[in-house]
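Colleague:
Numbering (my numbering), first residue to last: 1 to 900.
#1: Measure the beta-carbon distance from residue 316 to residue 118 and round it to whole angstroms, keeping in mind my assumption that it falls under 8 angstroms.
#2: Along the chain, which unbroken stretches of the alpha helix (DSSP H) at least 4 residues long are found entirely within the region 68 to 105?
#3: Going by beta-carbon coordinates alone, are residue 309 and residue 332 separated by less than 8 angstroms?
#4: Measure the beta-carbon distance from residue 38 to residue 83 and round it to whole angstroms, keeping in mind my assumption that it falls under 8 angstroms.
#5: Which runs of the beta strand (DSSP E) spanning at least 3 residues fall entirely within the region 405 to 442, listed in chain order?
#6: Let me check you understand the geometry: is the CB of residue 390 closer than 7 angstroms to at least one non-hydrogen atom of the ligand ADP?
#7: For residue 269, report the span of its alpha helix (DSSP H) as first-last.
#8: I need the DSSP call for residue 58, collapsed to helix, strand or coil.
#9: Rounding to the nearest angstrom, what Cα-Cα distance links residue 763 and residue 667 in this structure?
#10: Whose C-beta lies closer than 7 angstroms to the C-beta of residue 88 among residues of the same chain, with five residues either side of it excluded?
#11: When DSSP builds the beta bridges, which residues end up paired with residue 336?
#12: Whole angstroms are fine: how far does the CA of residue 193 sit from the CA of residue 176?
#13: For residue 20, list the residues DSSP reports as bridge partners.
#14: Would you check if the distance between the CB atom of residue 665 and the CB atom of residue 710 is smaller than 8 angstroms?
#15: Apart from the five residues just before and just after residue 305, which ones in its own chain have a Cβ nearer than 8 angstroms to its Cβ?
#16: Which ranges would you report for the alpha helix (DSSP H) in the region 858 to 890 if only whole runs of at least 4 residues count?
#17: Can you give the beta carbon distance from residue 149 to residue 49, rounded, assuming they're within the 8 angstroms contact cut?
#18: Label residue 696 either buried or exposed according to how many other C-beta atoms from any shown protein chain fall within 10 Å of its C-beta, with 16 as the threshold for buried.
#19: How long is the line joining the alpha carbons of residue 679 and residue 642, rounded to whole angstroms?
#20: Where do the ends of the beta strand (DSSP E) carrying residue 136 lie?
#21: Residue 431 and residue 465 look like a contact to me (Cβ under 8 angstroms); what is the Cβ gap, rounded to whole Å?
#22: Specify whether the region 834 to 845 and the region 754 to 770 touch according to this definition: at least 3 beta carbon pairs, one from each stretch, less than 8 angstroms apart.
#23: If you check the beta carbons only, do residue 253 and residue 266 fall under 8 angstroms apart?
#24: What is the C-beta distance between residue 615 and residue 573, in whole angstroms, given that I count them as a contact (C-beta under 8 angstroms)?
#25: Taking the alpha carbon of residue 726 as the reference point, which residue from 240, 753, 685, 856 has its own alpha carbon closest?
#26: The alpha helix (DSSP H) spanning residue 635 covers which residue range?
#27: Return the chain-ordered list of same chain residues with a C-beta closer than 6 angstroms to the C-beta of residue 731, the five sequence neighbours on each side being excluded.
#28: Can you tell me whether residue 109 is helix, strand or coil according to DSSP?
#29: Taking the alpha-carbon of residue 767 as reference, which of 422, 413, 734 has the nearest alpha-carbon?
#30: For residue 792, is the classification buried or exposed, using 16 other Cβ atoms within 10 angstroms of its Cβ as the cut-off for buried?
#31: Would you call the region 813 to 820 and the region 438 to 449 touching, i.e. three or more CB-CB distances under 8 angstroms?
#32: Using 8 angstroms as the limit for Cβ to Cβ distance, is residue 288 near chain D?
#33: To test your reading of the DSSP string, which unbroken alpha helix (DSSP H) runs of 4 or more residues are found completely within the region 643 to 727?
#34: Would you call residue 672 buried or exposed, if buried means 16 or more other Cβ atoms sit within 10 Å of its Cβ?
#35: I need the DSSP call for residue 30, collapsed to helix, strand or coil.
#36: Please tell me whether residue 589 and residue 551 are closer than 8 angstroms, where the distance is taken between their beta carbons.
And the structure:
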């Protein structure tokens with residue numbers, strides 16, 4: 001037999017009997033996954049064995065529809081192979097239903113996917129429940145062809161063996177998927193009813209536990225059909241808890257089958273929700289668009305289709321924002337714009353009306369109550385229940401936009417009830433929900449507006465608030481993290497702040513002109529705590545690639561840099577990028593004094609910046625640079641600012657008003673208070689006094705004269721010698737001021753102007769302090785700018801009369817009112833007054849008030865107390881040490897460190 005190869009009789013070239021194998025998978029590619037290549041590989045490998053003949057859609061061009069073709073080929077097949085990843089297309093559902101209905105042998109393979117669609121989970125569950133066949137999970141498709149071939153052969157052998165042991169056969173159940181439904185006699189498109197919303201009824205009390213509000217005891221309440229899902233949903237709504245509940249979603253769909261002819265569109269909407277919550281907005285948009293197509297083909301009501309359109313539009317905006325694309329009037333937006341009806345949701349709009357109506361009644365009840373009225377509770381429970389009704393109705397529609405809007409509604413309810421009752425710390429819950437929602441703008445607004453009211457709660461829960469940012473939607477996560485860092489970074493624990501610094505470093509490469517200001521703000525507010533070298537690493541790439549458009553906040557960061565522990569190479573790299581971009585920074589609002597801030601610490605590296613063309617070091621900026629570098633004089637600054645004030649006055653002297661970026665009078669006040677020397681007297685006499693005379697005698701509006709008088713009061717109050725040199729012409733101009741005859745802009749109040757006029761008249765001797773005290777009557781009803789003006793004026797008055805006996809209980813009462821003011825600016829200025837009062841018979845009271853200021857809710861007030869100690873304005877050692885001791889344990893990191 002040597003050398004002769006005999007053909008194998010068991011391997012015929014064209015056997016008479018062969019197995020027809022139908023290979024089923026998604027027809028289109030799935031997120032970059034090439035299904036056509038997988039089908040081809042399986043087919044080619046199977047057909048290496050002559051006993052198999054395989055069908056794949058790629059090899060057929062047919063005149064009949066694809067659905068009919070699939071069904072026909074499944075009926076012809078001896079065995080059906082289904083390969084599934086993250087999605088189940090309608091055709092796949094049809095093939096599965098056809099195969100099971102006709103009892104075709106079926107092999108099902110599930111490739112592991114991070115976020116499979118609800119149809120995949122539903123199919124897996126259908127296979128499990130019906131027990132028609134088993135399925136196989138595989139990690140990848142690297143060897144799928146060999147796996148399928150082995151399984152088909154093994155299945156044939158196993159069935160042959162099984163059939164000989166059990167001739168009676170196996171009773172198989174018929175499985176139906178929602179994709180294959182019988183035609184109903186009448187369409188069903190019902191809105192959610194009390195019955196359907198009642199599916200969640202037993203979970204309603206859970207929200208009160210989450211918010212710490214007393215609610216009804218539900219221990220004995222029977223669990224409603226969707227109780228578990230309701231708990232999961234409320235945990236997500238209030239606390240941003242993970243949303244991993246595919247079984248519960250399918251249970252929801254099952255419970256709604258009597259409400260809709262088909263739930264295919266609803267399944268797709270919930271797929272979109274799951275994708276969006278997992279951070280995959282593109283997949284979410286694709287699923288929502290499929291839901292839109294299914295809803296239109298099912299002739300769903302217009303309001304349902306419009307709601308799906310809104311979700312599509314919002315998801316589309318999210319996708320474009322993530323890609324930094326600017327799209328105007330997309331096809332979806334055009335469809336919404338061209339609607340002939342107003343977009344509404346029948347049930348949700350009714351609940352929203354009920355919520356606002358109940359809130360208005362509560363506010364009216366509390367605002368019109370007599371002083372002796374005693375309230376026994378509020379209707380907050382009923383209002384929040386209606387919020388839940390709104391939320392669960394949105395859940396029944398699969399409306400993600402309205403599910404998210406529920407958070408906005410809930411925060412509004414909590415905010416307004418806090419205003420109504422002022423007895424329950426609801427603001428903290430309000431802020432937490434805003435963090436979970438990712439609403440950075442509203443979070444910062446409420447923090448700023450309500451800080452004094454909720455300071456203790458916020459500070460004690462700062463770490464918890466930061467942790468909630470991880471539960472925000474990925475599309476909003478970076479922005480809300482930066483907002484929390486900007487507002488609460490200095491109150492976080494050391495271990496948590498380490499994560500903050502890593503986060504800021506991580507996102508630095510993603511910063512661009514559209515979000516650079518928020519990023520700079522989060523760094524700027526925490527410069528005392530951040531490692532300077534890390535900050536340089538954060539900024540170097542952004543500056544080098546010019547991924548920013550304004551220089552103001554960036555410059556503030558650089559001004560605070562301490563180079564002591566920064567590697568020399570890092571400093572050189574930072575200097576190189578500044579050399580290339582210093583002109584751009586300065587031209588766009590950044591101060592050129594950043595050059596002095598760096599060069600004064602490391603002249604060898606950074607002094608080169610002073611010679612870069614267009615670096616902004618011209619005129620007064622060059623003078624400031626010289627001063628910051630240890631030379632130059634403040635008289636030049638004073639002269640320049642008086643000139644600037646005169647130039648601005650020339651524009652505004654005829655009664656019109658033009659605003660300017662420069663504030664020369666504020667700078668004049670600073671120079672006189674902090675850097676005055678007798679060499680400035682000549683400038684004041686020859687330039688400033690004549691300017692003031694001209695301004696006060698002109699037709700300029702109150703705003704122009706107000707700023708001038710404010711600067712004049714400081715000059716006269718803080719320097720007795722200058723008061724005696726005031727020319728008669730100026731004194732006469734002051735005496736002649738009639739507040740009621742001075743014009744205003746935009747119908748603004750002249751209260752602050754009137755206060756300053758009184759003060760300058762008192763200082764010049766044209767009025768007495770009694771007139772100022774008379775003006776102070778009704779303090780609490782005065783506007784904020786009026787109260788700020790009063791605090792500044794009373795300080796000027798105290799400075800002027802400190803050596804006389806004119807400081808009495810009446811003056812003290814004004815300072816006390818300023819100290820108790822609701823606005824931190826007024827309270828901060830009152831601290832200056834109490835420091836002056838330390839040198840009077842009211843020392844003990846002033847000391848107590850400064851100690852109270854050291855624990856004020858506003859860090860601006862506490863920082864002012866620290867500055868007064870550090871600048872030696874408080875000269876009594878025991879008082880200064882007492883205040884430093886209080887501030888050394890402050891919750892604010894920068895204040896604590898500042899005490900060292």
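Quick reminder that beta carbons are idealized off the backbone N, C-alpha and C, glycines included.
Modeller: Checking against the coordinates, here is how it stands:
#1: Stepping through the chain shown from its first residue, residue 316 is reached at position 316. Stepping through the chain shown from its first residue, residue 118 is reached at position 118. In this structure residue 316 is not in contact with residue 118, their Cβ atoms being roughly 22 angstroms apart against a cut-off of 8 angstroms.
#2: As far as the region 68 to 105 is concerned, its whole alpha helix (DSSP H) runs of at least 4 residues are 90 to 101.
#3: If you number the chain shown from 1, residue 309 lands on position 309. If you number the chain shown from 1, residue 332 lands on position 332. In contact: residue 309 and residue 332 (Cβ atoms closer than 8 angstroms).
#4: Walking along the chain shown from the start, residue 38 turns up at place 38. Walking along the chain shown from the start, residue 83 turns up at place 83. Approximately 7 angstroms separates the beta-carbon atoms of residue 38 and residue 83; this is inside 8 angstroms, confirming the contact.
#5: Taking 3 residues as the minimum length, the region 405 to 442 contains no beta strand (DSSP E) run wholly inside it.
#6: In the structure on display, the ligand ADP does not appear, and there are no ligands present to speak of.
#7: Residue numbering aside, residue 269 sits at position 269 when the chain shown is read from its first letter. Run containing residue 269: 264 to 277, per the alpha helix (DSSP H) assignment.
#8: Here the question's residue 58 lines up with position 58 in the chain shown. If DSSP states are grouped into helix, strand and coil, residue 58 belongs with the helices.
#9: To locate residue 763, count along the chain shown from 1; it is residue 763. To locate residue 667, count along the chain shown from 1; it is residue 667. About 21 angstroms.
#10: Position 88 of the chain shown holds residue 88. Excluding residues up to 5 positions away in sequence, 117, 119, 120, 123 lie with their Cβ nearer than 7 angstroms to the Cβ of residue 88 in the same chain.
#11: Here residue 336 corresponds to residue number 336 of the chain shown, with the count starting at 1. Answer by DSSP bridge pairing: none, since residue 336 is not bridged.
#12: Locating residue 176 in the chain shown gives position 176, counting from the first residue. Locating residue 193 in the chain shown gives position 193, counting from the first residue. With a pLDDT of only 42 at residue 176, under 50, the local geometry of the prediction cannot be trusted, and the value read off the model is given with reservation. Rounded to the nearest angstrom, the two C-alpha atoms are 27 angstroms apart.
#13: Working through the chain shown from its first residue, we reach residue 20 at position 20. According to DSSP, residue 20 bridges with 53.
#14: Mapped onto the chain shown, residue 665 falls at position 665. Mapped onto the chain shown, residue 710 falls at position 710. Their beta carbons are under 8 angstroms apart, which means residue 665 touches residue 710 by this criterion.
#15: Here the question's residue 305 lines up with position 305 in the chain shown. Answer for residue 305: 292, 295, 296, listed in chain order.
#16: Correct list: 859 to 870, 877 to 887.
#17: Your numbering for residue 149 matches position 149 in the chain shown. Your numbering for residue 49 matches position 49 in the chain shown. In this structure residue 149 is in contact with residue 49, their Cβ atoms being roughly 7 angstroms apart against a cut-off of 8 angstroms.
#18: Reading the chain shown from its first residue, position 696 is the one you call residue 696. That one is buried.
#19: The residue given as residue 679 occupies position 679 in the chain shown. The residue given as residue 642 occupies position 642 in the chain shown. Roughly 15 angstroms separates the two Cα atoms.
#20: The count along the chain shown starts at 1 and reaches residue 136 at position 136. Its beta strand (DSSP E) spans residues 135 to 138.
#21: Numbered from 1 along the chain shown, position 431 holds the residue referred to as residue 431. Numbered from 1 along the chain shown, position 465 holds the residue referred to as residue 465. Rounded, the Cβ-Cβ distance is 7 angstroms, consistent with contact.
#22: At 8 angstroms Cβ cutoff, the stretches do not touch.
#23: Taking the chain shown and counting its residues from 1, one reaches residue 253 at position 253. Taking the chain shown and counting its residues from 1, one reaches residue 266 at position 266. A contact, by the Cβ cut-off of 8 angstroms.
#24: For this step, residue 615 is matched to residue 615 along the chain shown. For this step, residue 573 is matched to residue 573 along the chain shown. About 19 angstroms; that fails the 8 angstroms criterion.
#25: By one-based count along the chain shown, residue 726 stands at place 726. Looking at the Cα atoms, 685 is the closest of the given residues.
#26: Counted from its first residue, the chain shown places residue 635 at position 635. Counted as a single uninterrupted DSSP element, the alpha helix (DSSP H) harbouring residue 635 occupies residues 634 to 652.
#27: Counting from one through the chain shown, the residue named residue 731 turns up at place 731. Correct list, in chain order: 764.
#28: Here residue 109 refers to the residue found at position 109 of the chain shown. Residue 109 falls in the strand class under three-state DSSP.
#29: Translated into positions along the chain shown, residue 767 becomes position 767. Residue 767 has its Cα closest to that of 734, out of 422, 413, 734.
#30: As a position in the chain shown, residue 792 is number 792, starting the count at 1. Classified as buried, residue 792 has 16 or more neighbouring CB atoms from the shown chains inside 10 Å of its CB.
#31: Flag = no, the region 813 to 820 and the region 438 to 449 do not touch.
#32: Among the chains in the structure shown there is no chain D, since it carries only a single protein chain.
#33: Here the runs fully enclosed are 664 to 675, 689 to 697, 702 to 718, 720 to 724.
#34: The residue labelled residue 672 in the question sits at position 672 within the chain shown. It counts as buried.
#35: On the chain shown, residue 30 is found 30 positions in, with the first residue counted as 1. DSSP places residue 30 in strand when its eight states are reduced to three.
#36: Here residue 589 refers to the residue found at position 589 of the chain shown. Here residue 551 refers to the residue found at position 551 of the chain shown. For the 8 angstroms CB-CB criterion, residue 589 and residue 551 form a contact.
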